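Engineer: Before we start, here is the structure in question, set down as structure tokens.
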Amino acid sequence: ASVGFAQSAGLILGGSISQNNILGTGNFASLGMTRSEYQTKYNFAFTNPYFTPDGVSLGYNVFYNATDYSKYYDDDDEVSYYSLNSVGAGVNLGYPISETSRLTYGLTVQQDEIKTGKYTVDEIFDFVEK
1 ASVGFAQSAG LILGGSISQN NILGTGNFAS LGMTRSEYQT KYNFAFTNPY FTPDGVSLGY
61 NVFYNATDYS KYYDDDDEVS YYSLNSVGAG VNLGYPISET SRLTYGLTVQ QDEIKTGKYT
121 VDEIFDFVEK
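Numbers 1 to 130, taken from UniProt numbering, label the letters of the sequence shown in order.
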């Protein structure tokens, strides 16, 4: 667990739990959460280090991140106002290359939703609309 404070973000609370050897299987799992006035983050990851008899590992993760600076301003008329929601998932394969090293390939898919204020400059608005 963690507790922090930043003048720009206020109180920051976080927590995570991870287990390297779930029920003696060798599998790894972690779950985490962070929360502040403007941000919320959740993540989960799981890895099976012995997915194949040759020691190839298979892992996956999912996450959700939300950032909303609208609370920082009195209304959404500010030029720099924005909010961003991201949700995603990933998968990875790890190939052992020595007793202590592994080469890992991964793919992550992420969807972002960005909202801007009324007076956002055209360059930013055009980028968001693409």
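No residue lacks a Cβ here, since even glycine has one placed at the ideal position from N, Cα and C. A quick note: this is a predicted structure, and the numbers were derived from the prediction, not measured.
Round the Cβ separation of THR108 and GLY94 to the nearest angstrom and send it over; I've been treating them as touching at under 8 Å.
Structural biologist: Stepping through the sequence shown from its first residue, residue 108 is reached at position 108. Stepping through the sequence shown from its first residue, residue 94 is reached at position 94. Contact doesn't hold; Cβ gap of about 15 Å is too wide.
Engineer: Below 8 Å on the Cβ atoms is my contact criterion, and I expect GLY66 with THR34 to pass it. Report the Cβ-Cβ distance as a whole number of Å.
Structural biologist: Locating residue 66 in the sequence shown gives position 66, where the first residue counts as 1. Locating residue 34 in the sequence shown gives position 34, where the first residue counts as 1. A quick correction: the sequence has Ala, not Gly, at residue 66. Not confirmed; about 11 Å, so no contact.
Engineer: I'd like to check one pair, PRO96 with GLY55: are the Cβ atoms closer than 8 Å?
Structural biologist: Residue 55 sits at position 55 when you count from the first residue of the sequence shown. Residue 96 sits at position 96 when you count from the first residue of the sequence shown. Yes; because the gap between Cβ atoms is below 8 Å, this pair is in contact.
Engineer: Thinking C-beta only, is ALA1 closer than 8 Å to GLY15?
Structural biologist: Your numbering for residue 15 matches position 15 in the sequence shown. Your numbering for residue 1 matches position 1 in the sequence shown. Yes, the Cβ-Cβ distance between GLY15 and ALA1 is below 8 Å.
Engineer: Could you have a look at PHE5 and say whether DSSP puts it in helix, strand or coil?
Structural biologist: One-based indexing of the sequence shown puts residue 5 at position 5. DSSP places PHE5 in strand when its eight states are reduced to three.
Engineer: Do you know offhand how far VAL87's Cα is from THR100's?
Structural biologist: Taking the sequence shown and counting its residues from 1, one reaches residue 87 at position 87. Taking the sequence shown and counting its residues from 1, one reaches residue 100 at position 100. Rounded to the nearest angstrom, the two C-alpha atoms are 33 Å apart.
Engineer: How big is the Cα-Cα spacing for TYR64 and SER98?
Structural biologist: Within the sequence shown, numbered from 1, the residue matching residue 64 stands at position 64. Within the sequence shown, numbered from 1, the residue matching residue 98 stands at position 98. Computed Cα separation, rounded: 34 Å.
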